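Mapping of the sequence shown onto this note's numbering: residues 43 to 269, in sequence order. Even for Gly, the Cβ is constructed at its ideal location relative to N, Cα and C. Note that the coordinates shown come from a computational prediction; the quantities given were computed from them, not determined experimentally. Here's the structure, in structure tokens; my notes come after.
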Amino acid sequence: MDYVVALPAAGSGKRMGAGKNKLFLTLANKPILIHTLEVFERDPHCTGIFLAVKQEEREYIQSLLNEYIITKVKGLPNGGKERQHSVHACLKVMEDAEIVLVHDAARPFITHSVIRRLVKTAYEKGAAVAGVRAKDTMKKVKNGIIVETVNRDDLWSIQTPQAFRFELLRQAEEDAERTGFLGTDEAMLVERLGHEIHIVESSYENIKITTKEDLIFGEAIIKHRQL
Ligand code: CTP
Ligand code: MG
Numbered sequence: 043m044d045y046v047v048a049l050p051a052a053g054s055g056k057r058m059g060a061g062k063n064k065l066f067l068t069l070a071n072k073p074i075l076i077h078t079l080e081v082f083e084r085d086p087h088c089t090g091i092f093l094a095v096k097q098e099e100r101e102y103i104q105s106l107l108n109e110y111i112i113t114k115v116k117g118l119p120n121g122g123k124e125r126q127h128s129v130h131a132c133l134k135v136m137e138d139a140e141i142v143l144v145h146d147a148a149r150p151f152i153t154h155s156v157i158r159r160l161v162k163t164a165y166e167k168g169a170a171v172a173g174v175r176a177k178d179t180m181k182k183v184k185n186g187i188i189v190e191t192v193n194r195d196d197l198w199s200i201q202t203p204q205a206f207r208f209e210l211l212r213q214a215e216e217d218a219e220r221t222g223f224l225g226t227d228e229a230m231l232v233e234r235l236g237h238e239i240h241i242v243e244s245s246y247e248n249i250k251i252t253t254k255e256d257l258i259f260g261e262a263i264i265k266h267r268q269l
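In structure tokens form, the structure reads like this:
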């Protein structure tokens with residue numbers, strides 16, 4: 043089952059504190075952005091990549107795409123102020139497809155096997171997100187004081203990719219834009235429409251490179267995979 047992917051890459055990486063877009067930092071001597079792009083470049087079911095970029099980074103990103111021979115990028119729209127705006131920019135320039143995946147460019151360790159399960163579930167049910175079971179004891183805290191211990195069996199950490207029937211995501215995005223609703227992921231926008239969203243159990247390796255410790259984890263994951 044084929045799909046297209048929207049990859050928001052127009053963040054600034056404040057929590058990484060590298061003084062530049064964290065996606066340009068390297069893991070095993072290759073930019074994080076390229077690690078992520080290569081997963082989709084090498085997936086025969088991916089028919090197009092739509093990458094939201096910062097205007098001032100477009101030229102450099104274009105040079106990286108050439109250097110690493112990434113051929114499936116079909117759109118490089120300008121990203122927006124928030125991640126959701128960047129995803130929206132991708133959808134606007136996207137060709138029609140049955141299934142669209144949204145994936146953070148900052149998650150380089152996603153596998154074809156999880157992607158395949160997400161695409162299949164989205165095709166059959168409309169919407170599916172990658173997630174892992176919460177590992178820690180989870181508590182709700184207000185003003186520094188525990189209010190409640192939440193039953194961990196019901197808690198999942200939600201990742202990307204998130205996969206949708208194209209029309210469903212487009213409708214959710216348009217509705218969010220019209221009403222000025224800002225969500226932290228695409229699933230939230232679809233939840234608002236009352237549509238059910240299925241979880242595809244993913245891997246704890248599918249980390250988002252966010253703070254500098256994640257660079258250490260990232261190098262370790264690459265080493266481990268090479269074993
Ligand atoms: N992103 C984007 N447009 C934005 C903000 C984020 O395209 N306005 C992208 C990032 O490039 C990243 C993904 O969304 O691939 C997930 O965002 P996050 O991990 O928060 O990255 P940053 O926003 O760059 O980092 P920070 O929040 O620490 O500044
Ligand atoms: Mg951010």
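Could you check the C-alpha separation between residue i and residue j for me, to the nearest Å?
{"i": "Arg100", "j": "Ala229", "result": "28 Å"}
{"i": "Phe206", "j": "Gly236", "result": "14 Å"}
{"i": "Arg267", "j": "Thr202", "result": "20 Å"}
{"i": "Thr163", "j": "Arg57", "result": "33 Å"}
{"i": "Ile74", "j": "Ser54", "result": "14 Å"}
{"i": "Asn120", "j": "His145", "result": "16 Å"}
{"i": "His270", "j": "His127", "result": "Because residue 270 is not part of the residues shown, which for the chain are 43 to 269, the question remains open."}
{"i": "Ile187", "j": "Glu80", "result": "45 Å"}
{"i": "Leu269", "j": "Ala262", "result": "11 Å"}
{"i": "Leu160", "j": "Ser199", "result": "16 Å"}
{"i": "Ala51", "j": "Asp195", "result": "33 Å"}
{"i": "His154", "j": "Asp85", "result": "7 Å"}
Can you tell me the Cβ-Cβ gap for residue i and residue j, rounded? I've got them flagged as a contact below 8 Å.
{"i": "Thr89", "j": "Val46", "result": "6 Å"}
{"i": "Ala147", "j": "Leu49", "result": "5 Å"}
{"i": "Ile249", "j": "Asp256", "result": "6 Å"}
{"i": "Ala94", "j": "Ala60", "result": "Not confirmed; about 20 Å, so no contact."}
{"i": "Ile112", "j": "Glu83", "result": "5 Å"}
First and last residue of the alpha helix (DSSP H) that includes residue i?
{"i": "Thr191", "result": "Here Thr191 belongs to no alpha helix (DSSP H); instead the beta strand (DSSP E) covers Ile187 to Val192."}
{"i": "Leu235", "result": "Element bounds for Leu235: n/a, residue is neither H nor E."}
{"i": "Arg207", "result": "Where Arg207 is concerned, there is no enclosing alpha helix (DSSP H), although the beta strand (DSSP E) it sits in stretches over Trp198 to Arg207."}
Name the two residues that bound the continuous beta strand (DSSP E) containing residue i.
{"i": "Leu160", "result": "Note, Leu160: premise wrong, no beta strand (DSSP E); alpha helix (DSSP H) at His154 to Lys167."}
{"i": "Pro50", "result": "Tyr45 to Pro50"}
{"i": "Lys177", "result": "Unbroken run through Lys177: none, as it is neither H nor E."}
{"i": "Leu143", "result": "Ile141 to Val144"}
Quick one: which unbroken beta strand (DSSP E) runs of 3-plus residues sit fully inside the region 61-139? Chain order, please.
Those beta strand (DSSP E) runs which fall completely within the region 61-139 and span 3+ residues are 88-94 and 115-117.
List, from N- to C-terminal side, the beta strand (DSSP E) runs of 3 residues or more that fit wholly inside the region 238-269.
240-243
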